[in-house]
Every structure is written in C-alpha cells, then in structure tokens.
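The sequence shown runs 6 to 269 under my numbering. Positions of the beta carbon are idealized from the N, C-alpha and C atoms, including for glycine. The structure displayed is predicted, hence computed values, not measured ones. What follows is a short report on a single structure.
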Amino acid sequence: MKNILIYIKNIFFDKNSIVFDKCFIIKNIKIMKLIKEIVSVRLILGFGLVLSLTLILAIVGISKTKKISNLATIMYKHPMKVIKIAKNIKASVFAIQSYMNKAGIANYIVEINALKSTIKEYEKDVYYSFERISKITKDSLQLSRVSDSYENWSRLNAELIDLFKERDREKALKLYKKEVEVEARTFNKEISLLIYNSKKDAEIYIKKAKSNEKSMITTTSILLSIIFISGILFVFYIIRKLSKTEEELKMRGELELWKKNLLY
C-alpha cells in the first residue's frame, strides 16, 4: 500500500513526471487564456473610449466651424456689402457734384444738357444701389433717411440746372447756398451714419466668430487632453495587468514546487 502511494505521488507531483508537466502546462494555458480575454476586453473598451472621444471632438469641431462659417457669410453678405455699396453711392454723388460744378460754369445750353445726361446716368447707378441695399440691410430706417435726403438733393439739382439754362446765376447761387449745399451735408451725414451702423454690425459678427473660434479651440484642447490622458492611463493599466499576471504565474509555479517539496 505504501509503495502504491509513493508511486502515485511520483506520477502526479514529481517535477520530472509527465503528468505533473502536463497539469502545470494546462493550468498555465488556462491562465494565459484568461489573461488574453481580460486584455482583449480592456483593449476593446479602451479603444472604444478613445474613438468615442475622437468622434465627440470631430462633431464639436464641425459644429463650431459651421457656426464660424455662417457668421462670416452673414458678415460679408450683409454689413460688409452694405458698406461697399454705400461707399459706391458716395463716390457717385461726388461725381454728380463735380458735373454740377461744370454745368454752373458752362456757357452753352448744349454743354449743360450733355452734363445733365451724364448726371442722369450716375443717378441710375445710385437708385440701383439703393435697391440692392434695401434687400440686405437690417437698418431700413436709416436707409430711408439716406434715400429721402438724396431725393431732395437730386430734385434741387434739377432746379439748379434749369436756372443754369436760364442764365439766372443769382437765383442759382442763392438756391445752392440755402438748400442744395445744406441738403448735400445732410445726405453725407445720413449715409455716413448708415456706413457706421453697418460697421458696428460687422464688428458684432466678428466678435461672435472669434468667440466661437476661441470656444472651439478650448473644447478641442480639453478633449485632446482627455484622449491623451486616457491613452496613457490605459497603457499603464495594461502594463500593470501584464506584470501582475506574470507575478501570479511565478507565484503559482513556486506554489507547485512548494507542494511538491512537501510531498517528498
């Protein structure tokens, strides 16, 4: 009986025994499979987290970029365009004033009529510009003031040209000083105010765009930091898990040796 027990002990617990080697290998294989499963799950979860954060970053970035793009479009479609057209109106009015001065010193009616025709062409451009502004500006009240002032100034210019034709320079000079010059200053004031208001609107859109851009940079930085830190922590976790597993395997091996020594 004693010999049988010694034989069984030698078969199962002798380090040189085939059975012992097989049992130890089977245990190690099971442990390694378990490790692989744990690591695989952790890897999937870790990469899933990183991908989720990257997706959030992309969505936020696209959203903020779209907002900035929309603000830039509005800015160039409305306030900046109003400013450009209003400046063109001012340039046309300056040209009309220049031709009016030439009509005032012209000696022939034919020459005055030619200048009048040129002035009408500029007036067409001015009216067309007013139509364009009316379709895009938010400041319709100020635009109506500019338009009314121009109408009055244009009407006074027509009366002035008629006086030039009649050679009544005294009445023409009186009309110019009392009404035409005053209305010209009023028009210049009103259109300058329209340009100023449009510039203010443009500045508001610029501030909003800059604020959105700053917010986008901040959000992106935070999300990138989270992704970076998550990645580092995940790597450290895997390394720690693998080192722990290695220690466990060593301990199991030592435990088997200890059991074997006890049985001898």
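- Contact annotation: Phe-192 and Val-87 have beta-carbon atoms that are not nearer than 8 Å.
- Taking C-beta atoms as the reference points, Lys-170 and Ile-117 count as a pair closer than 8 Å.
- The continuous alpha helix (DSSP H) containing Asp-167 extends over residues 145 to 170.
- Taking the C-beta atoms as reference points, Ile-200 is found no nearer than 8 Å to Ala-100.
- Rounded to whole angstroms, Ile-124 and Met-105 show a C-alpha spacing of 8 Å.
- Per the C-alpha coordinates, the member of Ile-227, Lys-176, Lys-215, Tyr-132 positioned closest to Ser-149 is Tyr-132.
- Counting other Cβ atoms within 10 Å of its Cβ, Tyr-113 stays below 16 and is therefore classed as exposed.
- Across the set Glu-184, Leu-161, Asp-144, the C-alpha of Asp-144 shows the shortest separation from the C-alpha of Lys-204.
- Under the Cβ criterion (8 Å, minimum of three pairs), the segment 218 to 232 does not count as touching the segment 162 to 177.
- In this structure, DSSP gives Tyr-127 a helical state, which the three-state scheme calls helix.
- Between Glu-184 and Leu-161, the C-beta gap is smaller than 8 Å, which places the two residues in contact.
- Cα atoms of Ala-207 and Ala-111: separation of roughly 44 Å, rounded to the nearest angstrom.
- When DSSP states are grouped into helix, strand and coil, Asp-173 belongs to the coil group.
- Bounds of the alpha helix (DSSP H) holding Val-98 are 84 to 110.
- Using a 10 angstroms sphere on the CB of Lys-121, the tally of other CB atoms reaches 16 or more, which defines it as buried.
- In terms of Cβ geometry, Leu-228 and Ile-61 form a close pair [threshold 8 Å].
- If you draw a 10 Å sphere on the C-beta of Leu-238, you find fewer than 16 other C-beta atoms in it, and that means exposed.
- A Cβ-Cβ separation of about 13 Å leaves Glu-186 out of contact with Ser-154 under the 8 Å criterion.
- In the structure shown, Tyr-113 adopts coil according to DSSP, grouped into three states.
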